[in-house]
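In the working numbering, the protein residues as written are 373 to 598. A virtual CB, placed ideally from N, CA and C, is assigned to each residue, including glycine. Computed from a predicted model, the values in this text were never measured in an experiment.
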Amino acid sequence: MWWIVLAALYIAFDLNYFIRAIFTVVVILCSKRGLKLTDTITTYGRHLHHTGHRHDAESHEQRALPAGVGLCPLSLVWSNRTTQDIDMMLNHMNNARFLRELDFARYHWYGRTGFWTKLRALGGSAVQASVMARYRKQLSLGHPFRIETNVVWWDDKCIYFEHKFVTLFDGFVRAVATSRQAITGVELDKVIKQFDDGQTRPEQPEEIWHWMNAVEISSRNLRKDR
Numbered sequence: 373m374w375w376i377v378l379a380a381l382y383i384a385f386d387l388n389y390f391i392r393a394i395f396t397v398v399v400i401l402c403s404k405r406g407l408k409l410t411d412t413i414t415t416y417g418r419h420l421h422h423t424g425h426r427h428d429a430e431s432h433e434q435r436a437l438p439a440g441v442g443l444c445p446l447s448l449v450w451s452n453r454t455t456q457d458i459d460m461m462l463n464h465m466n467n468a469r470f471l472r473e474l475d476f477a478r479y480h481w482y483g484r485t486g487f488w489t490k491l492r493a494l495g496g497s498a499v500q501a502s503v504m505a506r507y508r509k510q511l512s513l514g515h516p517f518r519i520e521t522n523v524v525w526w527d528d529k530c531i532y533f534e535h536k537f538v539t540l541f542d543g544f545v546r547a548v549a550t551s552r553q554a555i556t557g558v559e560l561d562k563v564i565k566q567f568d569d570g571q572t573r574p575e576q577p578e579e580i581w582h583w584m585n586a587v588e589i590s591s592r593n594l595r596k597d598r
């Protein structure tokens, strides 16, 4: 009878997502937290150690991994592909799975920097407002990769993340996505200013400027359709 209940749960809910979310929280709780926005965070699912402004797993691969760049933290999330991630051609990860991976990459960033704790203490929350993705080359079944996540900019209401999907065997950026997280319930500035490196807003990247213009045009067009 238990297998019927389990099957019903899998049909009614995306259990894999929730199981992975719980596992991610456990990993974050077992890792060093309260990091600065400028610290680099590397997550491999193995033993972690603190090395100055870089946080690496002890592995033979760490020397080949690029250090974080930019003003804000680089979060590397270890991941691999399974048959549940492939498309109808049965050979590479489908487009929707790329966007799903962004959730877990942001969880690590929010948890390891302590941003989420500070945000919730002020009664705030965060929701995904928009995302821009570019798929450069397929991620084949069984190819391990990392996701490099860093904050590239923020405005009065939103944080802008850049996510790079990089295969480990060749260091090639298979896809790059920019996500905009809207902060609700509190002024974003009140959270950002709690970080020493959040006192000065970075210069807006050119691609973010063009993207926001496109979003505004889309919003105007949708308002016309009301």
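Residue i: first and last residue of the uninterrupted alpha helix (DSSP H) it sits in
i	result
tryptophan 578	Correcting the residue type first, residue 578 is glutamate in the shown sequence and not tryptophan. First-last of the alpha helix (DSSP H) with glutamate 578: 578-596.
leucine 494	Neither: leucine 494 is in no alpha helix (DSSP H) and is coded neither H nor E.
Three-way DSSP call (helix, strand, coil) for residue i in this model
i	result
tyrosine 416	At tyrosine 416, the pLDDT of 42 sits below 50, so the modelled position is not reliable and the matter cannot be decided from this model.
arginine 518	strand
histidine 432	A caution first: histidine 432 carries a pLDDT of 33, below 50, which makes its placement in the model unreliable, though a value can still be read off. Residue state, collapsed to three classes: coil.
phenylalanine 537	strand
threonine 572	coil
cysteine 548	It should be noted that the sequence gives valine, not cysteine, for residue 548. Correct three-state label for valine 548: strand.
valine 563	helix
arginine 426	Per-residue confidence for arginine 426 stands at a pLDDT of 40, beneath the threshold of 50, marking its modelled position as unreliable; the derived number appears in the next sentence. The answer is strand: DSSP assigns arginine 426 an E or B state.
proline 438	No answer about proline 438 holds up, because its pLDDT of 38 lies below 50 and its placement is not dependable.
valine 397	helix
valine 499	strand
leucine 378	helix
leucine 407	coil
phenylalanine 470	helix
histidine 421	Since pLDDT at histidine 421 reaches only 30, below the 50 mark, its modelled position is unreliable, and the value read off the structure follows with that caveat. Three-state DSSP puts histidine 421 in a strand.
phenylalanine 385	coil
aspartate 475	helix
7 Å Cβ cutoff met for residue i and residue j
i	j	result
threonine 346	tyrosine 479	The chain is shown from 373 up to 598; residue 346 falls before or after that span and cannot be answered.
serine 497	threonine 556	yes
threonine 599	alanine 477	Residue 599 falls outside the range modelled here, since the chain spans only 373 to 598, and no answer is possible.
lysine 529	alanine 554	yes
tryptophan 525	isoleucine 589	no
aspartate 569	leucine 409	yes
phenylalanine 533	serine 551	yes
leucine 494	methionine 465	no
glutamate 473	isoleucine 519	yes
Beta bridge counterpart(s) of residue i as assigned by DSSP
i	result
threonine 485	DSSP, once it has assigned bridges, lists no residue as partnering threonine 485.
arginine 506	Val548
serine 512	His464
isoleucine 531	Trp526 and Gln553
- Message: Whether or not the stretch 483-490 and the stretch 505-517 are in contact is what I'm after, with contact meaning three or more pairs of Cβ atoms, one per stretch, closer than 8 Å; do they touch?
- Response: Touching, no.
- Task: Report yes or no: do three or more beta-carbon pairs, one from the stretch 540-549 and one from the stretch 559-568, lie closer than 8 Å?
- Result: Counting C-beta pairs closer than 8 Å gives fewer than three between the stretch 540-549 and the stretch 559-568, which falls short of the contact rule.
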